[in-house]
Amino acid sequence: RKEVEQDPGPFNVPEGATVAFNCTYSNSASQSFFWYRQDCRKEPKLLMSVYSSGNEDGRFTAQLNRASQYISLLIRDSKLSDSATYLCVVNMYTGGFKTIFGAGTRLFVKA
Amino acid sequence: DAGVTQSPTHLIKTRGQHVTLRCSPISGHKSVSWYQQVLGQGPQFIFQYYEKEERGRGNFPDRFSARQFPNYSSELNVNALLLGDSALYLCASSLGTGPGNYGYTFGSGTRLTVV
Numbered sequence: 001r002k003e004v005e006q007d008p009g010p011f012n013v014p015e016g017a018t019v020a021f022n023c024t025y026s027n028s029a030s031q032s033f034f035w036y037r038q039d040c041r042k043e044p045k046l047l048m049s050v051y052s053s054g055n056e057d058g059r060f061t062a063q064l065n066r067a068s069q070y071i072s073l074l075i076r077d078s079k080l081s082d083s084a085t086y087l088c089v090v091n092m093y094t095g096g097f098k099t100i101f102g103a104g105t106r107l108f109v110k111a
Numbered sequence: 001d002a003g004v005t006q007s008p009t010h011l012i013k014t015r016g017q018h019v020t021l022r023c024s025p026i027s028g029h030k031s032v033s034w035y036q037q038v039l040g041q042g043p044q045f046i047f048q049y050y051e052k053e054e055r056g057r058g059n060f061p062d063r064f065s066a067r068q069f070p071n072y073s074s075e076l077n078v079n080a081l082l083l084g085d086s087a088l089y090l091c092a093s094s095l096g097t098g099p100g101n102y103g104y105t106f107g108s109g110t111r112l113t114v115v
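Chains A and B, in that order, give the protein sequences.
So the first sequence is numbered by the numbering used here: it starts at 1 and just counts up by one.
So the second sequence is numbered by the numbering used here: it starts at 1 and just counts up by one.
As structure tokens, then:
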């Protein structure tokens, strides 16, 4: 079982739609959580940190559920420019620090 | 301010050779981590360094090694290159390390092709 699992998609949505991605992690030693965005042939860019209390940044809302070990990302009012791969990231300490990326979820927003 | 810079941007090597990749973090960032990304997958964690000490290591063979210098720049070395080492190698820097909520800023990567 992978330490961080994401639905690879692709998700094909029209502009203005709301789309949600989930990510599950298996190691209870996981301590901090993030969503990154990666455009084709570019480096990943930090989208937002994820907290148990939930956090919102404009059209983006992230949520952490420690009991169920999953992380979610909600995108409202999708824009064409939101088309990208969204990577779920978990930091953990297991005798040393590790950062584990999910394989990513592809999103295509169409006019 | 300059972001994370990596060099070279592209590299072609022959099987069995050795390669050194370089990374300069954002000014003030003391943590550098290295990742390998192949097409269609997320980045795979190789190493993390903080204050010149190795703080984490991923599941990569001993052919992979790294170090961090007093100015916080870093090198990733790969010996005895295999075809499967062909990938995008990403460096990321961060203010801190460990379980804090520091995100990483990535460089644009070094694309290594082993032939």
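Positions of the beta carbon are idealized from the N, C-alpha and C atoms, including for glycine.
Values in this document were obtained by computation on a predicted structure and should not be read as measured data.
- One finds Leu90, Phe106, Gly107, Ser108 and Gly109 in chain B with Cβ atoms closer than 8 Å to the Cβ of Glu43 of chain A, taken in chain order.
- For the segment 25-56 of chain B, the set of positions with a beta-carbon nearer than 7 Å to some beta-carbon of chain A reads Ser33, Gln41, Gly42, Pro43, Phe45, Gln48, Arg55 and Gly56 in chain order.
- The three-state reading of DSSP puts Leu21 of chain B in strand, counting E and B together.
- Near chain A, meaning a CB-to-CB distance below 8 Å, the residues of the segment 57-72 of chain B are Arg57 and Gly58.
- At least one CB of chain A lies nearer than 7 Å to the CB of Gly103 of chain B.
- Each residue's CA atom was taken as its position, placing Thr18 of chain A and Ala62 of chain A some 13 Å apart.
- Across the segment 90-101 of chain A, CB contacts with chain B closer than 7 Å involve Asn91, Tyr93, Gly96, Phe97, Lys98, Thr99, Ile100 and Phe101, in sequence order along the chain.
- Using a CB distance cut-off of 7 Å, Ala103 of chain A counts as an interface residue toward chain B.
- DSSP places Ser81 of chain A within a helical segment (H, G or I) once states are collapsed to three.
- The DSSP assignment places complete beta strand (DSSP E) segments of no fewer than 3 residues inside the segment 5-87 of chain B at 5-7, 10-13, 19-24, 31-37, 44-50, 53-57, 64-68 and 74-78, in order along the chain.
- Closest in alpha carbon position to Ala66 of chain B, among B:Phe47, B:Gly58 and B:Ala80, is B:Phe47.
- DSSP lists A:Phe60 as the bridge partner or partners of Asp57 of chain A.
- With contacts defined by Cβ atoms closer than 7 Å, Arg15 of chain B and Val78 of chain B do not form a contacting pair.
- For Leu46 of chain A, DSSP records a beta bridge to A:Tyr36.
- In the structure shown, Lys110 of chain A falls within a strand segment according to DSSP collapsed to helix, strand and coil.
- With contacts defined by Cβ atoms closer than 7 Å, Gly109 of chain B and Tyr102 of chain B do not form a contacting pair.
- Residue pairing for Pro14 of chain A: DSSP places it in a beta bridge opposite A:Lys110.
- Residue-level contact check: Leu107 of chain A does not touch chain B, since none of the beta carbons of chain B fall below 7 Å from its beta carbon.
- Setting aside the 5 residues that flank it on each side, Tyr70 of chain A is surrounded in the same chain by Asn22 and Thr24, each with a C-beta closer than 6 Å to its C-beta; the list follows chain order.
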